[in-house]
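First the structure, in the form of structure tokens, and then the observations on it.
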Amino acid sequence: MVDEETIRVVRCGGSELNFRRAVFSADSKYIFCVSGDFVKVYSTVTEECVHILHGHRNLVTGIQLNPNNHLQLYSCSLDGTIKLWDYIDGILIKTFIVGCKLHALFTVAQAEDSVFAIVNKEKPDIFQLVSVKLPKSSSQEVEAKELSFVLDYINQSPKCIAFGNEGVYVAAVREFYLSVYFFKKKTTSRFTLSSSRNKKHAKNNFTCVACHPTEDCIASGHMDGKIRLWRNFYDDKKYTYTCLHWHHDMVMDLAFSVTGTSLLSGGCESVLVEWRDATEKNKEFLPRLGATIEHISVSPAGDLFCTSHSDNKIIIIHRNLEASAVIQGLVKDRSIFTGLMIDPRTKALVLNGKPGHLQFYSLQSDKQLYNLDIIQQEYINDYGLIQIELTKAAFGCFGNWLATVEQRQEKETELELQMKLWMYNKKTQGFILNTKINMPHEDCITALCFCNAEKSEQPTLVTASKDGYFKVWILTDDSDIYKKAVGWTCDFVGSYHKYQATNCCFSEDGSLLAVSFEEIVTIWDSVTWELKCTFCQRAGKIRHLCFGRLTCSKYLLGATENGILCCWNLLSCALEWNAKLNVRVMEPDPNSENIAAISQSSVGSDLFVFKPSEPRPLYIQKGISREEVQWGVFVPRDVPESFTSEAYQWLNRSQFYFLTKSQVTAPLKKAEESLPTTPFYFILGKHRQHQDEKLNETLENELVQLPLTENIPAVSELLHTPAHVLPSAAFLCSMFVNSLLLSKETKSAKEIPEDVDMEEEKESEDSDEENDFIEKVQDTNNTGLGEDIIHQLSKSEEKELRKFRKIDYSWIAAL
Amino acid sequence: MAGYKPVAIQTYPILGEKITQDTLYWNNYKPPYNYAVTASSRIHIYGRYSQEPIKTFSRFKYTAYCATFRQDGRFSTFDISGRAPLRQFEGHTKAVHTVDFTADKYHVVSGADDYTVKLWDIPNSKEILTFKEHSDYVRCGCASKLNPDLFITGSYDHTVKMFDARTNTSVLSVEHGQPVESVLLFPSGGLLVSAGGRYVKVWDMLKGGQLLVSLKNHHKTVTCLCLSSSGQRLLSGSLDRKVKVYSTTSYKVVHSFDYAASILSLALAHEDETIVVGMTNGILSVKHRKSEAKKESIPRRRRPAYRTFIKGKNYMKQRDDILINRPAKKHLELYDRDLKHFRISKALDRVLDPTCTIKTPEITVSIIKELNRRGVLANALAGRDEKEISHVLNFLIRHLSQPRFAPVLINAAEIIIDIYLPVIGQSPVVDKSFATSRTCRKEIDYQRELLETLGMMDMLFATMRRKEGTSVLEHTSDGFPENKKIES
């Protein structure tokens, strides 16, 4: 069994919640959203995930409530199936196999046995709206091949299709024209914006469309921020439209309220605008929603709205425009500069989040814990603005200190650089800004590391910069007689022949500091800051640098840009071994000597795990990802695993997570790719699967057992007897717990007293005394001890006892 | 939902002395009145407010060394052979350097260069006791404020002794290590402070004369000691021309006064109202505290009563009530309010107001930086008339050369030149501001000088490197942060 274990990559959380419009349940209690290959069901009140609907084998692209049964949900996926779910229990009811990639799903109450979907059949970028007839059949899997064509040459996004006025017509927009298809007449009207060729109206493109629920009115959103309300579109000539203009940039989504009295719109201003009575004057705003609004949806009951945002967040909003709940996933719409870190306190994954924030993300619950505002400035979202970027971050001293670096570079010479040091405050359970250092270096900071030695008396931080210096910062006492304070000051500035400092790293015990200057590695004594020795391999600039740990602490590893991995022995000051490996990511495991390196080749990324003491890797996995791996990190396990196979032992104490260059920034490409689109993968042994199976078995056992225990009259008696006549809980507890163990003894114990009870019951039918509580307990004790005691009692004593048997407590013995 | 985040105002470290409540307190003295006093054989009594001698005693044949007031204000003086106005105590064979009244006001303690300490009775001018335990000049002494029988003397034989009039001998002796120039007892009598050499030492009397702390903050002999009226601060004057103020809880220096000459004596008046220092150049410096009543004389604007602020806040929730909390309104500065509503020109106008530019130029610079970050600096600077643009230019010219503001302001200056270049020559005022060649030249000269200095320092370091290779790094480490400080 051990030999069968294999290691596989598992995608782990961080999936997009904002890919499609979220859907409310009919009673507004639940909200559904697509999330990678799954559909997630959240409670609108508690923000908790209630169910995850597993089943699709590819990206889920659309969800709709079943118009005929509000407790069912349709979902469609790129794997070519439409599935019907019971969302309350999280059960898959039916699968309809369509056979071609489905890009969106629409349901109309009037079209009883068919749904509408966007498919692309022939060419990759020509999309069609089709009606799919869902055959009625009792089997689980049904083929639904009966497609009838509705509209051609439409936009792929479901935002560009809307069904209006109880399914009488469907409106679709693409580029500069709006087409309306009438189901009864089976005709299509097409309206082109007349001035689309004009330069002034160059940004006239349609972006989204929505239909009034009761009237013949279509609202369309445009690139330039205008909203047009179209009426009279039955006639190709006499149609009219009115303009609403508030948004300064593209209208991302539109939605009518259930009654149709107000129109909701949102865009990159992150302001939800409610247009009342479709007039420009009556508008209400809900500002400061945090990020670009991508989708808006309205609950069928009409009491809630929800907005999906570009930072992977869903905000549930009350009818009176008050935000009531936030469902936040992993934010990943921007490039990750800081890399992956593990907060030593919460064991949360830490990386760039919202602009100017660090996000703390729980890997176990796939949930963002909180955001730490680092830059603390108003975020202005405007095209072409150069923002302040959070470029580096590091935790130190067991999570007591956090160092962050932010920079903004407008021109080559104008660099704004700021380093901030945050102290963990136990009272507030959060990080508090301690020291702000303006321009810590003249040029960009390339590396940042704390000395994490256990016995270091003074927190020490090292920054390496392109300006050719590395600086050592120490925590100093800044207190006087008035107040106590600590602050960071520069302790030492080092350089090596004006080369750019590229990496820095402390040894495990904190006695040595390694700083790489382009091709050269320098070793410094961390007490006197003397240069101890230099290593140079002339194999290109050093890209990664790290010390070995535990038994391998005498080794220093360096990966160069020319694809050479070097290992130096610090005792002999000589090269121990080197290997040709184009290392992209090199991460040491905090719990062992192992080091993971991910190399990049034209085919994909390969993972190597090795000990610095020997050049032969412990484990190799080829092709863990087709894309380039950007960052990786070892995450310590809460409960150590016990892999016996030597190749997998490196996973015993930690798991390895990595982040690929996400395709999220290019949505078109993502749709084509069959790869899982979420960027997190983690490697686990197949062992885990076995364990899951085992767990399932045990669960089944419990399921079998559970009805048994429920059937036992004793338990039902226990549950139904009023609490005030029960023996003390302390007395019952151990028996009750023992009963749940389902061992042979309890079974026998159960059987034997039952017989006894039966006899006793027969005997005690005529007795009608009040019971004393304490005596009762004694009595039950007696029965619990065994039947022979009772048999040994004399007849008079038996009669005495029978007095207490008015209410039969013998069931306690059955426990 | 996060609210508006105010603009981060760049703060700069204030160089020089740190401002604490102590520096504020002790700096609050008016400039000193200096008297040229030739006090060889006279005693002057100066008026509290008039700063003029109101009484003079000049009936001494020899130099008068010391004088002291009794607690009830009656005056008594003596000299080795002078005639006393009230009493005259004769008995010392050499110069008397210290006298003090004991706590019961009927006795006087004196110490003299004849190594003796004597206790005198005032009513009948008789010598009661003589202690001959010191082996050198007795130069200082003080009597306990609590116990009429206890007094302390310090001597040039390096010891401080405590005498009890009831026992005829010293009850305690501590070794100071240097000739003792001054001693002081805390009002509680538990702590003894002695000064001698460069040291000020504090002794715990209740622990039998254990050394509590030894202070070495002067670099010349400490000559005099004094306690502030609250007992929270200890002052010491020294020949190094400084008076230092210590906190009596942590014994750290919290403030320091500089004087023109070496200090021989020092005294603080009641409630620290006056600090008087006598110096070796024969000058008596008297500093009065500024009265704090002046500040209160400014009529305060009537503010709303306290109850208006707590109105409704202390309402206790009843059983069926639903409490709706209104979120607390965050206070925003005026420029932040403008920026919040994207009124960029108005925000810039606000911070270019002279009251802001003179007092807090960093706010102005931070707003300019913020506008630049938002990409609207050119919009905010454009479309200004002669008066407004001259405001901007004046500010730029004044602060352009300051290294901490330069990166932001140079950028702003370039934008202004770009915008207003077509209209140059239409206004003489603005044209004059544009002609900033003098400022530029000054700055260039300054930079050249700095470069020269840097070159010289490099040369020095290079020569040191030849001598010993390792020490160089340490020097760069010292030099670099200082350089940074100058630049920032």
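Just so you know, the sequences run in chain order A and B.
1 is the number of the first residue of the first sequence in UniProt numbering; add one for each residue after it.
1 is the number of the first residue of the second sequence in UniProt numbering; add one for each residue after it.
Note that beta-carbon positions come from the ideal geometry of N, C-alpha and C, so glycine has one too.
From a predicted model like this one, the values you see are computed outputs, not experimental measurements.
Collapsed DSSP secondary structure at residue i in the structure displayed
| i | result |
| --- | --- |
| residue 735 of chain A | helix |
| residue 452 of chain B | helix |
| residue 328 of chain A | strand |
| residue 7 of chain B | coil |
| residue 159 of chain A | helix |
| residue 453 of chain A | coil |
| residue 351 of chain B | helix |
| residue 186 of chain A | coil |
| residue 463 of chain B | helix |
| residue 18 of chain A | coil |
Residue-level contact to chain A via CB, residue i, 8 Å cutoff
| i | result |
| --- | --- |
| residue 345 of chain B | no |
| residue 248 of chain B | no |
| residue 5 of chain B | yes |
| residue 187 of chain B | no |
| residue 326 of chain B | no |
| residue 407 of chain B | yes |
| residue 20 of chain B | yes |
| residue 462 of chain B | no |
CB contact flag (residue i, residue j, <8 Å)
| i | j | result |
| --- | --- | --- |
| residue 222 of chain A | residue 240 of chain A | no |
| residue 287 of chain B | residue 29 of chain B | yes |
| residue 558 of chain A | residue 545 of chain A | yes |
| residue 82 of chain A | residue 104 of chain A | no |
| residue 213 of chain A | residue 150 of chain A | no |
| residue 273 of chain A | residue 289 of chain A | no |
| residue 599 of chain A | residue 581 of chain A | yes |
| residue 846 of chain A | residue 631 of chain A | Nothing about residue 846 of chain A can be reported from this structure: the residues present for chain A run from 1 to 815 only. |
| residue 53 of chain A | residue 76 of chain A | no |
| residue 312 of chain A | residue 17 of chain A | yes |
| residue 362 of chain A | residue 348 of chain A | yes |
| residue 373 of chain A | residue 357 of chain A | yes |
Any chain B beta carbon closer than 8 Å to residue i
| i | result |
| --- | --- |
| residue 47 of chain A | no |
| residue 770 of chain A | For residue 770 of chain A, the predicted structure reports a pLDDT of 40, less than 50, and the residue's modelled location is therefore unreliable. A value from the coordinates is still provided. Answer no: the Cβ-Cβ gap between residue 770 of chain A and chain B never drops below 8 Å. |
| residue 319 of chain A | no |
| residue 482 of chain A | yes |
| residue 311 of chain A | no |
| residue 385 of chain A | yes |
| residue 414 of chain A | yes |
| residue 478 of chain A | no |
| residue 9 of chain A | no |
| residue 584 of chain A | no |
| residue 382 of chain A | yes |
Beta-ladder partner(s) of residue i, from DSSP
| i | result |
| --- | --- |
| residue 255 of chain A | A/264 |
| residue 430 of chain B | Residue 430 of chain B pairs with nothing; no bridge assigned. |
| residue 395 of chain A | A/402 |
Under 7 Å from the C-beta of residue i: neighbouring residues of chain E
| i | result |
| --- | --- |
| residue 378 of chain A | Structure shown: chain E not included; protein chains present are A and B. |
Determine, using beta-carbon pairs with one atom in the segment 89-106 of chain B and one in the segment 134-151 of chain B, whether at least three such pairs fall under 8 Å.
The segment 89-106 of chain B is in contact with the segment 134-151 of chain B.
Report yes or no: do three or more beta-carbon pairs, one from the segment 58-75 of chain A and one from the segment 322-335 of chain A, lie closer than 8 Å?
No: the two stretches stay apart, fewer than three of their Cβ pairs being nearer than 8 Å.
If contact is defined by three or more beta carbon pairs under 8 Å, each pair taking one atom from either stretch, is the segment 3-13 of chain B in contact with the segment 364-375 of chain B?
They touch, by the three-pair rule.
Contact between the segment 141-152 of chain A and the segment 92-108 of chain A is defined here as three or more beta-carbon pairs at a separation below 8 Å; is this criterion met?
Segments in contact, yes.
Count the C-beta pairs between the segment 523-537 of chain A and the segment 581-600 of chain A that are closer than 8 Å, then say yes if the count reaches three, no if not.
Segments in contact, no.
Hey, is the segment 484-502 of chain A in contact with the segment 460-468 of chain A, meaning 3+ C-beta pairs nearer than 8 Å?
Yes, since at least three Cβ pairs between the segment 484-502 of chain A and the segment 460-468 of chain A fall closer than 8 Å, the two stretches touch.
Segment contact, 8 Å Cβ cut-off, at least three pairs: the segment 262-273 of chain B with the segment 245-253 of chain B:
With a cut-off of 8 Å on Cβ pairs, the segment 262-273 of chain B is not in contact with the segment 245-253 of chain B, counting fewer than three such pairs.
Contact between the segment 182-192 of chain B and the segment 209-229 of chain B: three or more CB pairs below 8 Å?
Yes: at least three Cβ pairs fall under 8 Å.
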